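J.: Residue numbers (the numbering used here): -1 to 194.
1) When the Cα atoms are used, what is the spatial distance from residue 41 to residue 82?
2) Quick check on the DSSP output: the alpha helix (DSSP H) that includes residue 93 runs from which residue to which?
3) By the three-class DSSP mapping on this structure, what secondary structure does residue 156 have?
4) Quick check: the Cα distance between residue 199 and residue 111, rounded to an integer number of angstroms?
5) Indicate whether residue 89 and residue 104 have their beta-carbon atoms separated by less than 8 Å.
6) So, helix, strand or coil for residue 174, using DSSP?
7) Give the DSSP bridge partners of residue 126, in chain order.
8) Could you spell out the range, first to last residue, of the alpha helix (DSSP H) harbouring residue 48?
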């Protein structure tokens, strides 16, 4: 893999291409109207772009511009800028609607949408959308899980969560209950002392 020129998610995401008429038609056909941009900090806006990528292991992707001559499955995906709760650029998220795959470029976030004010209390739950399409249709008012491992701690901190439907709620519950405990070993000398 060729070394990245920068690890600046904002600069890297804007290198993508604008959506084509066919993309806009498909998105409108899915019920999206005017949700393709979002106002970010300092009155800047984030846009949905398209870029050539390759999905890699661990819910990650790489831009094809950094994969010179490598044998990878090349796809064109939509990209979105992921920001932290304070609005600072955190990562780039790639979304391939045809397959439903979602991945991050740098592996710095588990959730897309952290920058939008979305309280999570018993009376006002954190809305978790099942995919970027429904998140965009919901005016980006909530989050989308893009990496379960990184999203789990953030979601466990939420006061309450609102899922899209029963099946999505069951999937989130299973994800949050899945805990991978480390292997625990003890020195052999402690085993002998207990046996004595």
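Using N, Cα and C, we set each Cβ at its ideal position, and we do this for glycine too. None of these values were measured; they are calculated from a predicted model.
T.: On the basis of the coordinates in this document:
1) Any answer about residue 41 is weak, because its pLDDT of 48 lies below 50 and its placement is not dependable; what the coordinates show is given next. Residue 41 and residue 82: Cα-Cα distance of roughly 16 Å.
2) Premise fails: residue 93 lies in the beta strand (DSSP E), 87 to 94, not in any alpha helix (DSSP H).
3) Correct three-state label for residue 156: coil.
4) Residue 199 is absent from the structure shown; the chain starts at -1 and stops at 194.
5) Against a cut-off of 8 Å, the Cβ pair of residue 104 and residue 89 comes out as a contact.
6) Correct three-state label for residue 174: helix.
7) Beta-bridge pairing links residue 126 to 141.
8) Going by DSSP, residue 48 is part of no alpha helix (DSSP H) but of the beta strand (DSSP E) stretching over 47 to 54.
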